[in-house]
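Here the protein sequences line up with chains G, B, U and C, keeping their order. Per our numbering, residue -2 is the first one in the first sequence, and the count goes up by one each step. Per our numbering, residue -2 is the first one in the second sequence, and the count goes up by one each step. Per our numbering, residue -2 is the first one in the third sequence, and the count goes up by one each step. Per our numbering, residue -2 is the first one in the fourth sequence, and the count goes up by one each step. The structure appears right after this line, and notes come after that.
There are 4 protein chains.
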Amino acid sequence: MTQDKQRFGTDARGVYLIAVTPFKDSGDIDFESTDRMVDFYLESGANGLTLLGVMGEAPKLTAQESGEFVERVLRRVNGKVPVIVGASAPGFAAMKALSQRVVDMGADGVMVAPAAGLRTDDQIRAYFAMVNETLGSIPWVLQDHPNSTGVQISTSLLIDLLAQSPNCLMLKHEDGPGLAKLSAIRDAETSKGLRRVSILTGNGGGLFLPEELVRGADGAMTGFAYPEMMVDVCRAFDEGQAERAFDLFDAYLPLARYEQQPGVGLAVRKHLMHKRGIIASEKIRRPGPSLSAADRADIDRLVRRQTERLAQIG
Amino acid sequence: MTQDKQRFGTDARGVYLIAVTPFKDSGDIDFESTDRMVDFYLESGANGLTLLGVMGEAPKLTAQESGEFVERVLRRVNGKVPVIVGASAPGFAAMKALSQRVVDMGADGVMVAPAAGLRTDDQIRAYFAMVNETLGSIPWVLQDHPNSTGVQISTSLLIDLLAQSPNCLMLKHEDGPGLAKLSAIRDAETSKGLRRVSILTGNGGGLFLPEELVRGADGAMTGFAYPEMMVDVCRAFDEGQAERAFDLFDAYLPLARYEQQPGVGLAVRKHLMHKRGIIASEKIRRPGPSLSAADRADIDRLVRRQTERLAQIG
Amino acid sequence: MTQDKQRFGTDARGVYLIAVTPFKDSGDIDFESTDRMVDFYLESGANGLTLLGVMGEAPKLTAQESGEFVERVLRRVNGKVPVIVGASAPGFAAMKALSQRVVDMGADGVMVAPAAGLRTDDQIRAYFAMVNETLGSIPWVLQDHPNSTGVQISTSLLIDLLAQSPNCLMLKHEDGPGLAKLSAIRDAETSKGLRRVSILTGNGGGLFLPEELVRGADGAMTGFAYPEMMVDVCRAFDEGQAERAFDLFDAYLPLARYEQQPGVGLAVRKHLMHKRGIIASEKIRRPGPSLSAADRADIDRLVRRQTERLAQIG
Amino acid sequence: MTQDKQRFGTDARGVYLIAVTPFKDSGDIDFESTDRMVDFYLESGANGLTLLGVMGEAPKLTAQESGEFVERVLRRVNGKVPVIVGASAPGFAAMKALSQRVVDMGADGVMVAPAAGLRTDDQIRAYFAMVNETLGSIPWVLQDHPNSTGVQISTSLLIDLLAQSPNCLMLKHEDGPGLAKLSAIRDAETSKGLRRVSILTGNGGGLFLPEELVRGADGAMTGFAYPEMMVDVCRAFDEGQAERAFDLFDAYLPLARYEQQPGVGLAVRKHLMHKRGIIASEKIRRPGPSLSAADRADIDRLVRRQTERLAQIG
């Protein structure tokens, strides 16, 4: 599938997929599966890719492996869609080095979550002032994900942060329950003249996608073994077919819910991607979850029922 | 509806509903709505009731109000189904006083979660040894809910706790992802001779109910504005109609997912219970969430679609 | 010792002692020891007492016991010094009921810490707005103790809270390291016209008392088996004898450090109060720490060395 | 000062100093100050050095800087004392790569703390099984520091971990209050045949050093701007002069307490090391604390009083 280069900017729309990192059974990165995965994501209609997030097992890679993986993906994507790379780091020196390196390789931007341990509004504000200074002109995505960082950003503070971060082009919105926060940010664009940013959601791993589109989200940034669901939901919604967007979403919801279980979810995703022929092995680096026979039976049932339901709605 | 007294015991099955506490717009407890709610729960087919949980706004009641509410519910239930009362307390003196009081009123048992702050296995083991000593012969339910307590009980430790707690008759299983833990407990009954307890689940607020029934759960202990869903799913499953159980569950899942959002979920539940004519006001005591117009529109859409879907599956 | 009634107000100075709750070996509250303890505190020169804090084992008392204990202390104090009662509660209804009850008994004010779980500035601000509304005209102390509550209040937010809480007369300052925060609050009185409140410190259990007096603290609110140290340090400082204040403090510091160990500290305190003939038993209600022979040997050595050092400085 | 190579082994004794990382005012690593600091530590009588701990601002260095710093220190130490390097990492691949690299450079071992987020005994046990597998034959130090990691290891579990980790030669004991844990480990060597490991303490930054030596600790692993205190305390204790050990400790305690304040402590340490002519700048990389004029006045007073007190005790 050929597509025009999509823009990573404040008007970015659609689905940015959080890529997994494929491993061989030996534990080494599987670069052939990496290529196949990139092709699959592009064919599914992804509007962008995000690398080295938690679901990409980034913390389990050495620095050298991270570099090689980003390079491989960028080469395969070949500019067809924007690529964002996770650059959260315990210190600003490492954040700067990592960000500059991936941008030099061709990445379109980086994603930054607040450091664990930040608590007060003043601490969070100071942190992002330093992020802005550290990243300079590199475009970036603010990841608001309290469940993984432990950092809670109030709506009013988030509006301030966006206002004061000219190179923050996108919000990865995954503070749940987050519908009110999403509405408040969009409202602030009108009522307070807040600069617009693209908002892609990941709340519950996309489990509120259609409601979030109704509230003004531009799409989703998350992972799912059936990324075509998110693409189709976003497209139906963009084409004014809201009811169809809900129908599609509901058909996939039972499986999506199962895949979004914390911890074991990544094993579900890799298992399904393996079954679909995308990656050669469902290997997860330790420490990581594995699936029991009962889990696999659950998944088989959910996939079967999903297929039947999709056939019904056409 | 007349029903034979159900037993609260290690073979308890079905749905124990977590009751809300109805308030008037003034903030006072609404005892008339309380009666109506009890009737509704019983007519829905509830196999038991659980009072003074977090979703019952227990921490927002004074000690006197708690007592009056429990008394009112017990009088209305009139022995038709077992009633469990939350008795978690910061100290054992208070736990003992509260438990004895509700049992004297006629409650069938109490529910205890580990105190926040417990961390190591040894600490948790010592805590429950003191729970056993404190409760004496009062039957109790162990609530395993790390998301609210912050206390993580490993599977092996949970098996030990159950083995050493002869008056713990039921596990409220809401550690998510929890399917593997559920399977392991049931396995331990065969492989390690673990005494059987009733396991009612609340993982994600019931969002994994059918899979949990497959794994050996006896039912659910949670709340939902459409408790008939849980009752019907459990019944279908018990009657060997697993596929129908999944169909029913899937029809309600989009709304259940919405109602189970942390924080705002209680407002959704009370709103729906008000709309269904069960409680006179959707009032929540402060601090508590409230619904926006956009939230209400979401709920209306979800209810409409749920009704349509239920009509399809018959 | 007879003394004029001291005032609980924004200019309160000196030492407010956090009282322990004496138990008999049986575990019952020991009211005779309670009287003796009150006498001892007053003779030591305490300027006020604080009841039902964590070190008073408040969470381990039943509601009835708490009431009886407060009543007994108030009767024995008989108006000689102000008495503050801890009124932190999981909900506002309980906070209101408890506060009104102790004020009706004769307490001079209540102490409130933010509820665990509050994270953002907006949440904390809303919480204290409701505290103000709940307490009405009851004078109160704001307890800023992140180590026990998990709630971090930034300096700028704390200044806002004090400005907007006219009946908050005192800050119990135990955010450590807290010297900069203390200086900033005192500065805000001049630079921003912040209303003055009394600031009593408990940072590290008084382990920074002399430095805090230098920064403008009015005294200490904490416990120590040798309360005369805190009284003498505050008096020396007030009389312009700063160097003597430091000498006294340093003489007691090795033991104070030992008594302020989290967890085991209360056992050390009760052991010493028992040895000094103040309370009849060193009993702590479970769950609670106990002392080993090695601990007791440590304490004996520290007390001996403390006595020798005090003899040297005269 | 020339000294024979000391052994890093299960019988290691004395003081392993946690080195700071000296920066220039520009923020670059100051390698000349690094050399001077190493010389100072060796002349103070350090029995070992530990690099890249939290107080060494390890998370603020890039991977390249970390390597250069370790290399510089190792060259200057030139085998005179053992050097341990912090190797905690979010994943095992990075831990392995980092550990192998510093051992190849000449480090004597690495130090590993449990990953943040581990909760149950089973999780912690599994984690250290993988640490053992990852490190292979590399000698290592187990750092038990719940305040920084959030991971609480019970005494019984810690004994298991030591028993099952043949290449763990040393415990960095900084779980406070930790005296009972320390006694229990030493007891287990006799009562349960636990293999002996060296135990160096850092509880409260050394604020319980003499009591810990009494309980069987072999020394301290922590930092302090006056490392000669820890060296002299350990030596006096080893020579049977326990009372002198306490005298020395008490003389330094007021300043040590001030320097061990969380957060601001590193600024105090670097300020004092700068004043003592060891490092050229007191620069701390952001985000980091800085000292106010009032802080500096506190420090000056404490140093003056410490000097006077040391003169008294001779």
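For glycine and all other residues, C-beta sits at the position ideal for the given N, C-alpha and C. Predicted model, so just to flag it, every value in this text is computed and none were measured.
Any chain U beta carbon closer than 8 Å to residue i
{"i": "residue 208 (chain C)", "result": "yes"}
{"i": "residue 72 (chain G)", "result": "no"}
{"i": "residue 258 (chain C)", "result": "yes"}
{"i": "residue 68 (chain B)", "result": "no"}
{"i": "residue 127 (chain B)", "result": "yes"}
{"i": "residue 19 (chain B)", "result": "no"}
In DSSP terms, what residue i is bridged to
{"i": "residue 217 (chain C)", "result": "C:12 and C:198"}
{"i": "residue 108 (chain U)", "result": "U:83 and U:138"}
Endpoints, beta strand (DSSP E) assigned at residue i
{"i": "residue 169 (chain G)", "result": "165 to 170"}
{"i": "residue 139 (chain U)", "result": "137 to 141"}
{"i": "residue 296 (chain C)", "result": "Run containing residue 296 (chain C): none in the beta strand (DSSP E); it sits in the alpha helix (DSSP H), 290 to 310."}
N-terminal and C-terminal residue of the alpha helix (DSSP H) that residue i is part of
{"i": "residue 148 (chain B)", "result": "Careful: residue 148 (chain B) lies outside any alpha helix (DSSP H) and carries neither H nor E."}
{"i": "residue 188 (chain G)", "result": "176 to 188"}
{"i": "residue 161 (chain C)", "result": "Note, residue 161 (chain C): premise wrong, no alpha helix (DSSP H); not H, not E."}
{"i": "residue 99 (chain G)", "result": "89 to 102"}
{"i": "residue 129 (chain C)", "result": "118 to 132"}
8 Å Cβ cutoff, residue i in contact with chain B
{"i": "residue 59 (chain U)", "result": "yes"}
{"i": "residue 94 (chain U)", "result": "yes"}
{"i": "residue 172 (chain C)", "result": "no"}
{"i": "residue 107 (chain G)", "result": "no"}
Short CB-CB distance (under 8 Å) between residue i and chain G
{"i": "residue 223 (chain C)", "result": "no"}
{"i": "residue 41 (chain U)", "result": "no"}
{"i": "residue 91 (chain C)", "result": "yes"}
{"i": "residue 141 (chain U)", "result": "no"}
{"i": "residue 34 (chain C)", "result": "no"}
{"i": "residue 302 (chain B)", "result": "yes"}
{"i": "residue 241 (chain B)", "result": "no"}
{"i": "residue 197 (chain B)", "result": "no"}
{"i": "residue 292 (chain U)", "result": "no"}
{"i": "residue 284 (chain C)", "result": "yes"}
Chain C within 8 Å of residue i, Cβ atoms only
{"i": "residue 220 (chain U)", "result": "no"}
{"i": "residue 153 (chain B)", "result": "yes"}
{"i": "residue 146 (chain B)", "result": "no"}
{"i": "residue 149 (chain B)", "result": "yes"}
{"i": "residue 65 (chain G)", "result": "no"}
{"i": "residue 29 (chain G)", "result": "no"}
{"i": "residue 183 (chain U)", "result": "no"}
Could you pull out every unbroken alpha helix (DSSP H) segment of at least 4 residues lying fully inside the segment -1 to 65 of chain G, listed in chain order?
28 to 40
In chain order, which continuous runs of the alpha helix (DSSP H) of length 4 or greater are located wholly inside the segment 210 to 270 of chain U?
224 to 235 and 239 to 256
On the three-pair Cβ rule with 8 Å, is the segment 237 to 245 of chain U touching the segment 261 to 270 of chain U?
no
Pairing CB atoms from the segment 16 to 35 of chain U with CB atoms from the segment 299 to 309 of chain B, are three or more of them under 8 Å?
no
Within the chosen definition, does the segment 48 to 68 of chain G reach the segment 221 to 233 of chain G through at least 3 CB pairs nearer than 8 Å?
no
Between the segment 178 to 197 of chain C and the segment 206 to 226 of chain C, are three or more C-beta pairs nearer than 8 Å?
yes
Taking contact to mean at least 3 C-beta pairs separated by less than 8 Å, is the segment 96 to 107 of chain C in contact with the segment 62 to 78 of chain C?
yes
Per the contact definition of three or more C-beta pairs closer than 8 Å, is the segment 146 to 159 of chain C in contact with the segment 175 to 182 of chain C?
yes
Pairs of beta-carbons, one from the segment 155 to 165 of chain G and one from the segment 128 to 135 of chain G, closer than 8 Å: are there three or more?
yes
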